[in-house]
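K.L.:
Protein chains in written order, with this note's numbering: chain D, 334 to 423; chain Z, -5 to 195. The beta-carbon is built from N, C-alpha and C at its ideal position, and this holds for glycine as well. Pasting in a structure now, in structure tokens, and then I'll have a few things to ask.
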């Protein structure tokens, strides 16, 4: 299949540590089943399918921003906590 | 030597308690491999070690982002889907499928009177011409005399034997048989004539 070879998908796969869409879907299965309660009983089967389709589609298309480096994130987390403490003090 | 190494790491953790309580960093360090990486980097802060921990962290960060992205997607999609389905259901209401009476499983469509029209006679009628689907045969049959049509009708539509027909029409069975075969012959000629006519055209 052509789509499977797409670079972006492979990247998203690797990040999730999976090499099969089925595995990714089964990982989210509990969450999907839970969300099915948001709709009527008759619609659940359809919804499940739609959600899975959407996930696959998004795995192909989603583009996440560049992640921060460890050290800059570390500093960010440190400072944010400081700020929060300061605002609590005042 | 080993003790001082651990001390350095512990000191670092103690000094940066707040940063380490950040959920992303916490989950990152909860993996033993990553914890060891950080330990190694703090005791030996070379550019290479820092790069390694950076890449591991970035992968971890993206992984969390994707997982939370998909989790949010699942949640919001299910809610949007429900709204969409409800809207459609309100627009195309299934009134007949609603419950008709309290404490009863019957729906409105159950109490509609059933008026069967599937009866053979009601659909087609008693007239032989109503039963003809072939256009040429229909045209030919229209040209038969009334008596011939009645005989064919009794013979083929009502499946009556010849003497029964003869009794009803007050003639002899031979006469009926003759008229019958004449009618069939006439039909045959008319149809053949029609086909020839259409071929010539």
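Is the beta carbon of residue 381(D) sitting closer than 8 Å to the one on residue 369(D)?
P.N.:
Against a cut-off of 8 Å, the Cβ pair of residue 369(D) and residue 381(D) comes out as a contact.
K.L.:
Please name the residue, chosen from 83(Z), 169(Z) and 193(Z), that lies closest to residue 376(D) on a Cα-to-Cα basis.
P.N.:
Checking every option, the nearest Cα to that of residue 376(D) belongs to 83(Z).
K.L.:
For the region 55 to 81 of chain Z, list every residue whose C-beta sits within 8 Å of some C-beta in chain D, in sequence order.
P.N.:
Correct list: 55, 56, 57, 59, 60, 61, 63, 64, 65, 67, 68, 69, 71, 72, 73, 75, 76 and 79.
K.L.:
Under 8 Å between C-beta atoms, does residue 185(Z) make it to chain D?
P.N.:
Closer than 8 Å: no.
K.L.:
Measuring straight from C-alpha to C-alpha, what distance separates residue 336(D) and residue 353(D)?
P.N.:
Any answer about residue 336(D) is weak, because its pLDDT of 44 lies below 50 and its placement is not dependable; what the coordinates show is given next. C-alpha separation (whole angstroms): 13 Å.
K.L.:
Does residue 137(Z) come out as helix, strand or coil in the three-state DSSP assignment?
P.N.:
Residue state, collapsed to three classes: coil.
K.L.:
How would you write the range of the alpha helix (DSSP H) that residue 79(Z) sits in, first residue to last?
P.N.:
That run of the alpha helix (DSSP H) goes 41 to 85.
K.L.:
Distance, Cα to Cα, residue 373(D) vs residue 77(Z)?
P.N.:
Each residue's Cα considered, the two are about 11 Å apart.
K.L.:
For residue 101(Z), which residues does DSSP report across the bridge?
P.N.:
93(Z).
K.L.:
State the DSSP-derived secondary structure class of residue 169(Z), mapped to helix, strand or coil.
P.N.:
DSSP places residue 169(Z) in helix when its eight states are reduced to three.
K.L.:
Thinking C-beta only, is residue 49(Z) closer than 8 Å to residue 349(D)?
P.N.:
No, they are not a contact pair.
K.L.:
Are the beta-carbon atoms belonging to residue 59(Z) and residue 358(D) less than 8 Å from one another?
P.N.:
Taking 8 Å as the Cβ cut-off, residue 59(Z) and residue 358(D) do not qualify as a contacting pair.
K.L.:
Using a Cβ cut-off of 8 Å (strictly closer), state whether residue 365(D) contacts chain Z.
P.N.:
Chain Z contact via Cβ: present.
K.L.:
From which residue to which residue does the alpha helix (DSSP H) around residue 21(Z) run?
P.N.:
Residues 17 to 23.
K.L.:
Please classify residue 32(Z) as buried or exposed, where buried requires at least 16 other C-beta atoms within 10 Å of its C-beta.
P.N.:
Residue 32(Z) should be labelled buried.
K.L.:
Please report whether the beta-carbon of residue 372(D) lies at a distance below 8 Å from any beta-carbon of chain Z.
P.N.:
Yes, because at least one Cβ of chain Z sits closer than 8 Å to the Cβ of residue 372(D).
K.L.:
Strictly under 8 Å for the Cβ-Cβ distance: is residue 3(Z) near chain D by that measure?
P.N.:
Answer no: the Cβ-Cβ gap between residue 3(Z) and chain D never drops below 8 Å.
K.L.:
If you drop the 5 nearest sequence neighbours on each side, which residues of the same chain put their C-beta closer than 7 Å to that of residue 124(Z)?
P.N.:
Correct list, in chain order: 118.
K.L.:
Quick check on DSSP: helix, strand or coil for residue 398(D)?
P.N.:
The answer is coil: DSSP assigns residue 398(D) none of H, G, I, E or B.
K.L.:
Any C-beta of chain A within less than 8 Å: which residues of the region 26 to 40 of chain Z qualify?
P.N.:
Considering every chain present, this structure includes no chain A. Its protein chains are D and Z.
K.L.:
By alpha-carbon positions, which one of 52(Z), 38(Z), 71(Z) and 136(Z) ends up nearest to residue 401(D)?
P.N.:
The option with the nearest alpha carbon to residue 401(D) is 52(Z).
K.L.:
Tell me, please, whether the CB atom of residue -5(Z) is closer than 8 Å to any CB atom in chain D?
P.N.:
Residue placement at residue -5(Z) is poorly supported in this model, since its pLDDT is 45, which falls under 50; the coordinates are not used for a value here.
K.L.:
Check residue 351(D) in the structure and name its three-state DSSP category.
P.N.:
Coil, per DSSP.
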